[in-house]
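Notes for the one structure printed next.
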Amino acid sequence: MSHLHEDKIKFLEEKANLVRQSLIEELVEAGSGHTAGPLGMADIFTALYFHILNHDAKNPAWEERDRLILSNGHIVPIRYAVMAHAGYFPLEELKTLRKFGTRLQGHPERPIMPALESTSGPLGSGLGQAAGVALAARMDGKKFRVYCIMSDGEQDAGNIWESAMFAGANKLSNLTAILDRNNIQINGMTENVMPLEPIREKYEAFGWHVIDIDGHNMEEIVDGVEQAKAIYEKPTLIIAHVIPGKGVKEIEFDYIWHGKSPKPEEAEKFLAELRTLGGKIKSEHE
Amino acid sequence: MIHSSQKLVENIWNDDIGQAPTRDGYGKGVVEAGEKDARVVVLCADLAESTRSHWFKEKFPARYIELGVAEQNLATVASGMANYGKIPFIASYAAFNPGRNNEQIRTTVSLNDVPVKVCGMHAGVSVGPDGATHQALEDIALMRVQPNMSVIVPADAEEARKATYAAAFTDKPAYLRFAREKTPVFTTVDSPFEIGKANILWESEKPEVAIIACGSIMMNALYAVKKLSEEGIGTILLNNHTVKPMDEGAVIAAAQKAGAVVTVEEHQIAGGMGSAVAEVLARSNPVPIEFVGVEDRFGQSGETNELIKEYGMDTDAIIEKIKKVIQRKK
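Protein sequences appear in the order of chains Y and E.
Residue numbering for the first sequence follows UniProt numbering, beginning at 1 and increasing consecutively.
Residue numbering for the second sequence follows UniProt numbering, beginning at 1 and increasing consecutively.
Here it is, written out as structure tokens:
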């Protein structure tokens, strides 16, 4: 069953393509930062801000808003790009990424921009924060939902498993974690650096409901989130299988692009490629 | 003589002075804070009774959260709860909290600037038989270098109660340090306590040295200044319970008046309260300073009194340092 009308899917796909273009422009201007991870998560962030989240860009402190906690703070450029498109700040401000005096710090800082919801970068600590928000909200009978985006590489960190155990034990059904399963980390492929599989069974054993999705398919993203809302007894993990560098053919799957930004001439090529796709990004999994 | 403004117990020099560990003060203070404000929650990492968090648990079971032996998660879950609007207290042994979870506190509490209250229990060598692994001697240093974080080291159980209660309502991150063993309770309900305001416990007419101390070995400093006054040596004793933000005015004034300083704490000399005092005085009014504290060693098993003596923090050792700094003035 799909929760999305065809027109909405088209709208989201086109939006995601624009967001990718903004991301490349943002990164080339910054001259440093991560490229592959943010590109891979463009579709999910677009779906969140343009369809899934209850939020108000004009009133970021709205008490009943859904909370989106980003654990793998290094992919924050894609969040900035989507937030700018969603009206949180002018698109022009994206050019200040990583520059002196900017609100767009290299890794997200909540006190500087409260709409970011948390401060992160050092890996492994976002799931605990999200669980804390979810537990506090449930104590007060709040109805909003808490989302946590985390990377696959940070599943190496012990703090994640402390938090996974805690969320499972407390049956935090208002918490949905989305795993950015792009299979790369700085030193190479995740299964070579420190094997994570079977990741589904691990979370299930910790008391989670687990869903696998194609993280570039808008219908699957939205359906996964809707399914999570219907699970009352457990937190849900959505394993979003994504392609690092998605949208720019020559860097897709290449872990070298985990931690670097494009040079101006590369950016020109990447942008041309994105623009010619014209919002028709479809998943290779299909 | 004892400063009358301090309203200390009348039997302060007697053997029958009341005794309690500062952790009891935390246990009572956090219950009082919880009674005052429903946003107060207590998070525990499998040490409910020894941290005294079990008193809160008995009174407010729905606001007590168990995390198991997981101090990193203790900090991150508390960060999320504070982010939402709660006032979380996280209590565990200081060796683990803020020892093990230092980075989580740095990023998700201090940099994130949310009002989590980090409570380090069983600090110092006075823990005794458990040995070096459980004797935190570096926690003040770890916490006082984090922006947004304040650091409070109460001197007795009553002051610990007040400090805990006061810290609940600052809307900022705070670190509070407590000890396991009983020590004399020399302050009273009426004794003044304000975060960031040092108290003059003792002041002689012609002070030759200002003793600036914090924590539950304060009574050793009190015994030292009394003994010295009997020998005709005048002193000032400042209870510098708030290591950060420090009451610089009080520290500078005491140093100026006496012309020499001895700092006293149950912590590594490197990076502790004494270092913070030296930083203040070095840029304002440099005077000779001696430091009572642990000199770059780990602790070990033993009885509390044996260890306090071995590591040079008993009354005799404090007196020795005071006399030494007086010699340096000449």
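Ideal Cβ positions, reconstructed from N, Cα and C, are used throughout, including at glycine.
This one's a predicted model, so the numbers in the text were calculated from it and none came from an experiment.
Inter-residue CB distance, residue 262 of chain E and residue 125 of chain E (contact presumed, cutoff 8 Å): Not a contact, Cβ separation roughly 19 Å.
Same chain, Cβ closer than 7 Å to residue 24 of chain E, neighbours up to 5 away in sequence not counted: 52, 157
Residue 148 of chain E (DSSP reduced to helix, strand or coil): coil
Three-state secondary structure assigned by DSSP to residue 285 of chain Y: Caution applies to residue 285 of chain Y, whose pLDDT of 42 falls short of 50 and renders its modelled position unreliable; the model cannot decide the point.
Inter-residue Cα distance where the pair is residue 283 of chain Y and residue 208 of chain Y: Low local confidence applies: a pLDDT of 45 at residue 283 of chain Y is under 50, so the model's placement there is unreliable, and no value is given.
Opening and closing residue of the alpha helix (DSSP H) in which residue 291 of chain E lies: Unbroken run through residue 291 of chain E is the beta strand (DSSP E), 289-294; no alpha helix (DSSP H).
Within chain E, the residues that residue 296 of chain Y reaches when beta carbons sit closer than 7 Å: Not covered by the structure: residue 296 of chain Y. The range shown for chain Y is 1 to 286.
Start-to-end residues for the beta strand (DSSP E) that takes in residue 38 of chain Y: Careful: residue 38 of chain Y lies outside any beta strand (DSSP E), inside the alpha helix (DSSP H) at 36-40.
Alpha-carbon spacing of residue 127 of chain Y relative to residue 146 of chain Y, whole angstroms: 10 Å
Residue 88 of chain E: first and last residue of the uninterrupted beta strand (DSSP E) it sits in: 87-93
Whole runs of the beta strand (DSSP E) within the segment 258-315 of chain E, excluding any shorter than 3 residues: 261-268, 289-294
Segment contact, 8 Å Cβ cut-off, at least three pairs: the segment 17-33 of chain Y with the segment 222-242 of chain Y: no
Beta-bridge pairing of residue 177 of chain E - partner residues as DSSP gives them: E/120
Start-end ranges of the alpha helix (DSSP H) lying completely within the segment 28-84 of chain Y, minimum 4 residues: 36-40, 42-47
Residue interval of the alpha helix (DSSP H) (run including residue 160 of chain Y): 158-169
CA-to-CA distance, residue 271 of chain Y to residue 247 of chain Y, given in whole angstroms: 10 Å
Whole-angstrom distance between residue 12 of chain E and residue 291 of chain E, CA atom to CA atom: 25 Å
Run of the beta strand (DSSP E) containing residue 151 of chain Y, from where it starts to where it stops: 146-151
Bridge partner(s) assigned by DSSP for residue 240 of chain Y: Y/180, Y/213
First and last residue of the uninterrupted alpha helix (DSSP H) at residue 73 of chain E: 71-84
CB contact flag (residue 275 of chain E, residue 234 of chain E, <9 Å): no
Residues that DSSP places opposite residue 184 of chain E in a beta bridge: E/19
Sequence-distant residues of its chain with Cβ nearer than 6 Å to residue 38 of chain Y (five each side left out): 23, 75, 77, 78
First and last residue of the uninterrupted beta strand (DSSP E) at residue 109 of chain E: Unbroken run through residue 109 of chain E: none, as it is neither H nor E.
Chain-ordered chain Y contacts of residue 92 of chain E [CB-CB under 8 Å]: Neighbours of residue 92 of chain E on chain Y: none; closest Cβ ~13 Å, over 8 Å.
Within-9 Å CB hit, residue 158 of chain Y to chain E: yes
CB contact check: residue 149 of chain Y to chain E, cutoff 9 Å: no
Burial state of residue 118 of chain Y (16 or more Cβ within 10 Å): buried
Integer-rounded CB distance, given that residue 167 of chain E should sit under 8 Å from residue 92 of chain E: Not confirmed; about 16 Å, so no contact.
Cα-Cα separation, residue 162 of chain Y to residue 46 of chain Y: 30 Å
Reference residue 109 of chain Y, options Y/169, Y/80, Y/178, closest by Cα: Y/80
Counterpart residues of residue 19 of chain Y in DSSP-defined beta bridges: The partner list for residue 19 of chain Y (beta bridge, DSSP) is empty, contrary to what the question assumes.
Contact set for residue 326 of chain E: own chain, Cβ-Cβ below 8 Å, skip 5 residues either direction: 208, 209, 233, 260
Start and end residues, beta strand (DSSP E) containing residue 244 of chain E: 242-244
Interface residues of the segment 145-171 of chain E facing chain Y [CB-CB below 9 Å]: 148
Minimum Cβ-Cβ distance from residue 79 of chain E to chain Y less than 9 Å: yes
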